[in-house]
Amino acid sequence: MIVLAADQLRARRVTHTTTALGLLALAVMYLAFFPSIEDQLSSFSEDLPDSLTAFIGDADFSTANGYLRSQVYSLVSPLLLCGVAIAAGAGLARTERDQTLTTTFVMPVRRREIAGAWIIVVCVLAAVGSAAEVVGAVVGGKIAGTDVGIDRVLLATAALHELAALAGAVAVAVSAVTGSPGAALGVAWGVIGGSFLVTSVSNLVNGLSWLGSLSPWSWYGTGEAVEGPYDVLGLVLLIAAWVAAVVIAVGAFERRDLQL
Amino acid sequence: MGPTAISTRDLTYEFAPGVGAAGVDLDVPAGTVYGFLGPNGAGKSTTIRMLVGLVRPQRGTVEVLGLDPWRDGPAMRARIGVLGSDQAAPRHHDGESLLRLSARLRERPGVVDRGRALAERLRLDLSTPGHELSLGNRQKLGLVAALAHEPELVVLDEPTNGLDPLLQRDIESLFRELADEGRTILLSSHSLPEVERVADHIGFIREARLVEQAPLARLAERAVRRGVLRFDRGVEPAAFGGGEGGDAVDRDDAGTELSVAFHGTVAPLLRRAGDLGAVSIEARGVDLEETFFALYRTGSA
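Chains as they are written, first to last, in the working numbering: chain L, 4 to 263; chain S, 279 to 579.
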C-alpha cells in the first residue's frame with residue numbers, strides 16, 4: 004500500500020509542491036495587507052450585513068486575529084485545500100477510466116491496498132497543504148501583528164486538514180463505488196459546497212441550527228480555534244466521518260467488478 | 279489430460295443473453311500455448327476478466343493454478359503475467375520505472391534486469407514516458423511487464439495488436455520458447471493464422487459460448503480438406519455432394535474441374551472420382567480456417 008501511495012505521490016510531486024507554495028504565498032500575502040488596511044476594515048466590518056459575516060464564519064476581521072481566521076481558515080484556503088484533496092481522491096476512478104489501473108491491478112496487490120493507497124495519497128496531500136497553511140499563518144501572522152500562539156494555529160489547521168481529508172476520502176469512496184471520476188468530483192464537491200451553504204444559512208435562520216450541526220463545515224469550525232476555545236467534538240466528528248468514508252471506499256472497491 | 283493451469287466450469291458473466299460468457303468450461307493444459315479464438319465481442323475478454331479477478335463470475339467456478347482469482351487474487355497474480363486488451367501505460371511511468379515498481383511490489387529485484395533483456399529483444403526503449411508510446415510500443419511494454427517476473431502462466435488478450443508482422447513473428451517464437459520452458463500461455467486472439475502458428479490447443483468461443491476445444495492436432499484430423507479433380511468432360515457437382523464423397527463442391531464454368539471439400543479420409547472421394555473417370559486429382563492441405571467457418575455456420579444453425 005505504501006509503495007503504491009508513494010508511486011502516486013511521486014507522479015504528483017511537482018503539481019502539489021507548487022500548490023502548497025501557492026497556498027503559503029496566498030496566506031502570507033493576505034495577512035501582509037492587514038496593517039495597511041486595518042482602519043478601513045474596522046468601518047467596513049461594522050457595515051457588513053450579518054448574512055455576509057456568516058459566510059466567513061462570523062470572524063471579526065477588524066482585529067488581526069479575526070483577519071487571520073477569516074483569510075486563512077474561512078473560505079478560500081479551505082476550499083482550495085479541499086479541491087486538491089478531491090481531485091486527488093477522484094484519481095482512483097480516473098485510473099480505472101483510462102485503463103492505467105490495469106498496470107497496478109495485475110501485480111500481486113489486494114484491492115483494499117489499492118483503495119487504501121489513494122486514501123494515503125489524499126491524507127499526505129492534505130497534510131502538505133496544511134503544513135503550508137501553518138507556515139503561512141505563522142509568517143503572515145507576524146507581519147499582521149497577531150498574538151495567536153502556534154498551538155492555536157496547529158489546532159485550527161488540524162481541523163482544516165481533517166476537512167480536506169474527509170473531502171478527499173468522499174471522492175475516493177465515490178470512485179470506489181462507481182468507477183466514475185465525474186461522479187467522484189461531483190459528489191465530493193456537493194458535500195463540501197453544500198455543507199458550506201448549509202452552515203452559512205443555518206447561522207442566519209432560527210430553527211435551522213440543527214441542520215448546521217450535521218454539516219462537516221460546522222464541525223470544522225472555520226478556524227475558531229484561532230480566536231477562542233475549539234469544540235473538540237467537531238474534530239472527532241470529522242474524523243468519524245472520514246473513517247466512515249474510508250470503510251465505504253475499501254469495502255466497495257473490494258466487491259465491485261472493475262471496468263478494465 | 280495432464281495437469282491444467284486453468285479450469286473453469288459453467289463460468290458465466292452475461293451482460294445480456296449471448297453477450298459476455300455463458301457456461302464456459304475451459305481446460306488449459308499446463309505447459310502449452312492455448313489459443314483462445316473467437317470473433318470480436320464473442321466473450322474472450324469477459325472470460326479473461328474473470329480469470330484474472332477483475333470481475334466476479336455470476337455463476338460457475340474458476341481455478342487458475344489451483345487458486346480462485348476472486349478470493350486468492352494477489353497470490354494468483356504473483357504467479358501469472360497479464361496483458362489486458364486495452365491496457366494503457368501510466369503517464370508518469372517510463373518502462374524502467376514501471377519495472378522497478380513491479381520489482382518492489384513483487385519483491386523480486388531480478389525483474390528489472392529480465393525486463394531490460396526482454397525490451398532489448400523487442401526493440402523497446404524503456405526510457406520513453408508511457409504517454410508518449412505508440413500503440414505498438416505500448417503493447418511491447420505490456421508484454422515486457424507481463425513476462426519480466428517469469429510467471430508460470432501468461433494471459434494475453436490480443437497481444438500482437440498494433441505490432442508489425444516481423445515483430446509478430448518474433449513474439450510468436452518467444453511464446454514457443456516460454457512453452458518449451460514449461461510455462462503456460464493463454465493467447466486470446468481473433469486471428470486464426472496467428473494462433474495456428476503457435477498454439478498446441480485451441481478453444482473457440484462464439485456468442486458467449488465455448489463451441490470447440492481440442493488439441494490443434496486433433497482439430498487438424500477433423501479439419502476440412504480439399505481435393506481438386508479434373509475430368510475430360512463436364513461433371514455435375516451433385517455427384518460429389520451429400521457427404522459420401524465430399525461436403526461442398528465448387529466447379530469451373532465448363533464443369534471439368536471440381537474443387538471438393540471433404541472430412542476424414544480421402545478414400546470415398548477417390549472411389550467416386552475413379553467411378554466418374556477423373557483424369558487427375560490434387561489434394562490440398564488442412565484448412566483450419568474453413569473448419570472454423572464450418573463451426574461458425576454449425577453454431578449459428
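Ideal Cβ placement from N, Cα and C applies to all residues, glycine included.
Query raised in the report: What are the complete alpha helix (DSSP H) segments, minimum 4 residues, inside the stretch 125-192 of chain L?
Result: 153-181
Query raised in the report: Beta-carbon separation of residue 373(S) and residue 432(S) under 8 Å?
Result: The residue labelled residue 373(S) in the question sits at position 95 within the second sequence. The residue labelled residue 432(S) in the question sits at position 154 within the second sequence. Going by beta carbons, residue 373(S) and residue 432(S) fall outside the 8 Å limit.
Report task. Taking the CB atoms as reference points, tell me whether residue 175(L) and residue 235(L) lie closer together than 8 Å. Result -> Within the first sequence, the letter at position 172 stands for residue 175(L). Within the first sequence, the letter at position 232 stands for residue 235(L). Cβ atoms of residue 175(L) and residue 235(L): not closer than 8 Å.
Query raised in the report: Closest to residue 353(S) by CA distance: which of 330(S), 367(S), 334(S), 338(S) is it?
Result: Sequence index remark: in the second sequence, residue 353(S) carries index 75 (1-based). Ranking the options by Cα distance to residue 353(S), first place goes to 330(S).
Query raised in the report: To the nearest angstrom, how far is it from the Cα of residue 284(S) to the Cα of residue 349(S)?
Result: Counted from its first residue, the second sequence places residue 284(S) at position 6. Counted from its first residue, the second sequence places residue 349(S) at position 71. Rounded to whole angstroms, residue 284(S) to residue 349(S) spans 15 Å at the Cα level.
Query raised in the report: Taking Cβ-Cβ distances below 9 Å as the criterion, which residues of the stretch 359-383 of chain S are in contact with chain L?
Result: 359, 360, 361, 362, 364, 365, 366, 367, 368, 369, 370, 371, 375, 376, 379, 380, 382, 383
Report task. Specify the secondary structure class of residue 552(S) as computed by DSSP and reduced to three states. Result -> As a working note, residue 552(S) is residue 274 in the second sequence. Correct three-state label for residue 552(S): helix.
Query raised in the report: If we count the other Cβ atoms within 10 Å of its Cβ and call it buried at 16 or more, is residue 240(S) buried or exposed?
Result: Missing from the structure shown is residue 240(S); chain S here goes from 279 to 579 and no further.
Query - the stretch 331-355 of chain S: positions lying closer than 9 Å to chain L by Cβ - result: 331, 332, 333, 334, 351, 352, 353, 354, 355
Requested in this report: Under 8 Å by Cβ, that's how I've got residue 544(S) and residue 509(S) pegged, so tell me the actual separation to the nearest angstrom.
Outcome: Walking along the second sequence from the start, residue 544(S) turns up at place 266. Walking along the second sequence from the start, residue 509(S) turns up at place 231. Not confirmed; about 17 Å, so no contact.
Requested in this report: Look up residue 482(S) in the DSSP assignment and say whether it is helix, strand or coil.
Outcome: Within the second sequence, the letter at position 204 stands for residue 482(S). Of the three classes helix, strand and coil, the one that applies to residue 482(S) here is strand, per DSSP.
Query raised in the report: Quick one: what does DSSP say residue 475(S) is sitting in, helix, strand or coil?
Result: As a working note, residue 475(S) is residue 197 in the second sequence. Here residue 475(S) sits in helix by DSSP.
**Report entry** Start-to-end residues for the beta strand (DSSP E) that takes in residue 307(S)
**Finding:** Position 29 of the second sequence, counting from 1, holds the residue named residue 307(S). Run containing residue 307(S): 305-307, per the beta strand (DSSP E) assignment.
Query raised in the report: What's the C-alpha gap between residue 455(S) and residue 366(S)?
Result: Here residue 455(S) refers to the residue found at position 177 when the second sequence is read from its first residue. Here residue 366(S) refers to the residue found at position 88 when the second sequence is read from its first residue. Those two C-alpha atoms are separated by around 26 Å.
**Report entry** Cα-Cα separation, residue 97(L) to residue 184(L)
**Finding:** Taking the first residue of the first sequence as 1, we reach residue 97(L) at position 94. Taking the first residue of the first sequence as 1, we reach residue 184(L) at position 181. Straight-line Cα distance between these residues: approximately 5 Å.
Query raised in the report: How big is the Cα-Cα spacing for residue 326(S) and residue 361(S)?
Result: Taking the first residue of the second sequence as position 1, residue 326(S) is located at position 48. Taking the first residue of the second sequence as position 1, residue 361(S) is located at position 83. Cα to Cα, residue 326(S) sits roughly 10 Å from residue 361(S).
Query raised in the report: Which runs of the alpha helix (DSSP H), 4 residues or longer, sit entirely within the stretch 307-354 of chain S?
Result: 322-329
**Report entry** Backbone CA spacing between residue 261(S) and residue 512(S) [nearest angstrom]
**Finding:** The question about residue 261(S) has no answer, for chain S in this structure spans 279 to 579.
Query raised in the report: Under the rule that 16 or more other beta-carbon atoms within 10 Å means buried, what is residue 145(L), buried or exposed?
Result: Here residue 145(L) refers to the residue found at position 142 when the first sequence is read from its first residue. Residue 145(L) comes out exposed.
Report task. Apply the 10 Å Cβ neighbour rule to residue 213(L) and answer buried if 16 or more other Cβ atoms are within range, or exposed otherwise. Result -> As a working note, residue 213(L) is residue 210 in the first sequence. Classification of residue 213(L): exposed, given that the 10 Å Cβ count is below 16.
Query raised in the report: What residue range is occupied by the uninterrupted beta strand (DSSP E) comprising residue 38(L)?
Result: As a position in the first sequence, residue 38(L) is number 35, starting the count at 1. Residue 38(L) -> not in any beta strand (DSSP E); alpha helix (DSSP H) instead, spanning 16-50.
**Report entry** Interface residues of chain S facing residue 4(L) [CB-CB closer than 9 Å]
**Finding:** Position 1 of the first sequence, counted from the start, is the residue given in the question as residue 4(L). Those within 9 Å of residue 4(L) in chain S number zero; the least Cβ separation is about 10 Å.
Query raised in the report: Of the residues 497(S), 535(S), 302(S), 527(S), which one's Cα is nearest the Cα of residue 542(S)?
Result: Counting from 1 along the second sequence, the entry for residue 542(S) is found at position 264. For residue 542(S), the nearest C-alpha among the options comes from 497(S).
**Report entry** Inside the stretch 354-414 of chain S only - alpha helix (DSSP H) runs reaching at least 4 residues
**Finding:** 373-384, 388-399
Report task. For residue 113(L), decide whether its Cβ has a neighbour in chain S, counting only Cβ atoms nearer than 8 Å. Result -> Here residue 113(L) is taken as the residue at index 110 of the first sequence, counted from 1. Yes, residue 113(L) lies at the interface with chain S (some Cβ there is under 8 Å from its Cβ).
Report task. Note the first and the last residue of the continuous beta strand (DSSP E) segment covering residue 435(S). Result -> The count along the second sequence starts at 1 and reaches residue 435(S) at position 157. Note, residue 435(S): beta strand (DSSP E), 431-435.
Query - Close beta carbons around residue 252(L), own chain, < 6 Å, minus the five adjacent residues each side - result: Taking the first residue of the first sequence as position 1, residue 252(L) is located at position 249. Cβ within range, chain order: 118, 175, 176, 179.
Query raised in the report: What do you reckon, are the CB atoms on residue 324(S) and residue 299(S) nearer than 8 Å?
Result: Sequence index remark: in the second sequence, residue 324(S) carries index 46 (1-based). Sequence index remark: in the second sequence, residue 299(S) carries index 21 (1-based). With respect to residue 299(S), residue 324(S) sits close: the two C-beta atoms are nearer than 8 Å.
Query raised in the report: Any residues in the stretch 177-192 of chain L with a beta carbon nearer than 7 Å to a beta carbon of chain S? Which ones, in chain order?
Result: none
Query - Host beta strand (DSSP E) of residue 91(L) (start-end) - result: The count along the first sequence starts at 1 and reaches residue 91(L) at position 88. Membership of residue 91(L) in any beta strand (DSSP E) is not indicated; the residue belongs instead to the alpha helix (DSSP H) covering 79-92.
Requested in this report: Kindly indicate which three-state DSSP category residue 531(S) falls into: helix, strand or coil?
Outcome: Taking the first residue of the second sequence as position 1, residue 531(S) is located at position 253. Note: residue 531(S) maps to coil in three-state DSSP.
Query raised in the report: Can residue 232(L) and residue 169(L) be called in contact, C-beta distance under 8 Å?
Result: In the first sequence, the residue the question calls residue 232(L) occupies position 229. In the first sequence, the residue the question calls residue 169(L) occupies position 166. In this structure, residue 169(L) does not lie closer than 8 Å to residue 232(L) by Cβ.
Query raised in the report: First and last residue of the beta strand (DSSP E) that includes residue 288(S)?
Result: Sequence index remark: in the second sequence, residue 288(S) carries index 10 (1-based). Taken as a continuous stretch (DSSP letters only), the beta strand (DSSP E) holding residue 288(S) covers 282-294.
Query raised in the report: Which residue's Cα is closest to the Cα of residue 370(S): 383(S), 407(S), 313(S)?
Result: Locating residue 370(S) in the second sequence gives position 92, counting from the first residue. Per the Cα distances, 407(S).
Query raised in the report: Where do the ends of the alpha helix (DSSP H) carrying residue 285(L) lie?
Result: In the structure displayed, chain L extends from 4 to 263; residue 285(L) sits before or after that span and is not available.
Report task. Can you check DSSP and say which residues form a bridge with residue 461(S)? Result -> As a working mapping, residue 461(S) is identified with position 183 in the second sequence. DSSP lists no partner for residue 461(S).
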